[in-house]
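*Asks:* In numbering that gives the first Met the number 0, the protein residues as written are 0 to 176. Once you've had a glance at the structure underneath, I'll fire off some questions.
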Amino acid sequence: MEAIASAFGHIDILVNNAGGLVGRVPLGEMSDDHWRHVIDLNLSSAMYCARAVAPWMTPGSGRIISISSLAGRNGGSRGMVAYATAKAGMIGLTRALAKELAPGITVNAIAPGLILQTPFHETFTPERDQLAMIEGTLVKRAGVPEDVAGAVVFFASDLASFVTGEVIDVNGGAYFT
Numbered sequence: 000m001e002a003i004a005s006a007f008g009h010i011d012i013l014v015n016n017a018g019g020l021v022g023r024v025p026l027g028e029m030s031d032d033h034w035r036h037v038i039d040l041n042l043s044s045a046m047y048c049a050r051a052v053a054p055w056m057t058p059g060s061g062r063i064i065s066i067s068s069l070a071g072r073n074g075g076s077r078g079m080v081a082y083a084t085a086k087a088g089m090i091g092l093t094r095a096l097a098k099e100l101a102p103g104i105t106v107n108a109i110a111p112g113l114i115l116q117t118p119f120h121e122t123f124t125p126e127r128d129q130l131a132m133i134e135g136t137l138v139k140r141a142g143v144p145e146d147v148a149g150a151v152v153f154f155a156s157d158l159a160s161f162v163t164g165e166v167i168d169v170n171g172g173a174y175f176t
């Protein structure tokens with residue numbers, strides 16, 4: 000971080016986008032190592048990045064944006080206990096950081112649903128499940144990476160300077176159907 004700050008003077012935006020399901024593992028078969036790995040990958044990494052970056056952010060214009068998941072809202076599906084827990088924790092982390100880092104830094108999250116054209120659902124969600132998820136949306140289509148990127152751009156912009164501690168659901172209306 001010091002190298003970035005010395006080269007540029009400050010950091011404006013952090014997007015916590017590291018994460019992944021790792022694998023569908025039912026609770027009864029889940030090892031402690033799997034649990035820790037998924038929590039560290041999806042939740043702890045975001046805290047470590049926020050902690051490292053926050054001192055280098057310019058008060059009044061700093062933005063932290065984290066990628067959660069629809070699974071963090073609804074518990075996911077079978078074999079996703081660790082992942083859904085980590086992504087729910089991401090929402091709690093977002094709100095806690097919003098309080099901790101105010102007033103100089105806004106902290107928000109995005110909770111995507113089925114986003115195709117990415118390795119996540121292509122690897123872990125069978126096609127029949129993808130089709131069922133699409134049918135469960137109001138817009139009757141899967142999301143694409145640009146749908147999530149639009150929400151990131153909004154949170155990073157001055158248009159969101161009065162928005163903090165919030166979660167935008169990018170899931171075609173699946174969350175409340």
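All C-beta atoms in this analysis are idealised placements derived from N, C-alpha and C, irrespective of residue type, glycine included.
Among 13, 87, 141 and 56, which has the Cα closest to the Cα of residue 38?
*Replies:* Stepping through the sequence shown from its first residue, residue 38 is reached at position 39. Here the closest residue by C-alpha is 87.
*Asks:* Closest to residue 171 by C-alpha separation, out of 36, 140, 90 and 62, would be which residue?
*Replies:* Translated into the one-based positions of the sequence shown, residue 171 becomes position 172. Of 36, 140, 90 and 62, the residue nearest in Cα terms is 140.
*Asks:* Return the chain-ordered list of same chain residues with a C-beta closer than 6 Å to the C-beta of residue 168, the five sequence neighbours on each side being excluded.
*Replies:* If you number the sequence shown from 1, residue 168 lands on position 169. Within the same chain, residue 168 has close Cβ partners 110 and 174.
*Asks:* Is it buried or exposed for residue 35, if we count other Cβ within 10 angstroms and need 16 for buried?
*Replies:* The residue you call residue 35 lines up with position 36 of the sequence shown. With fewer than 16 Cβ atoms within 10 Å of its Cβ, residue 35 is classed as exposed.
*Asks:* Among 55, 142 and 68, whose alpha-carbon lies nearest the alpha-carbon of residue 5?
*Replies:* Counted from its first residue, the sequence shown places residue 5 at position 6. Cα-wise, what sits closest to residue 5 is 55.
*Asks:* Going by C-alpha distance, which of 117, 164 and 147 is nearest residue 20?
*Replies:* The residue given as residue 20 occupies position 21 in the sequence shown. For the residues 117, 164 and 147, the minimum Cα distance to residue 20 belongs to 117.
*Asks:* Is the beta carbon of residue 112 sitting closer than 8 Å to the one on residue 69?
*Replies:* By one-based count along the sequence shown, residue 112 stands at place 113. By one-based count along the sequence shown, residue 69 stands at place 70. Cβ distance < 8 Å, so residue 112 and residue 69 count as in contact.
*Asks:* Going by beta-carbon coordinates alone, are residue 166 and residue 44 separated by less than 8 Å?
*Replies:* Working through the sequence shown from its first residue, we reach residue 166 at position 167. Working through the sequence shown from its first residue, we reach residue 44 at position 45. In this structure, residue 44 does not lie closer than 8 Å to residue 166 by Cβ.
*Asks:* Tell me which residues share the same chain as residue 90 and place their Cβ nearer than 8 Å to its Cβ, disregarding the 5 neighbours each side in the sequence.
*Replies:* Here the question's residue 90 lines up with position 91 in the sequence shown. Excluding residues within five positions, the ones whose Cβ falls inside 8 Å are 67, 71, 72, 108, 110 and 166.
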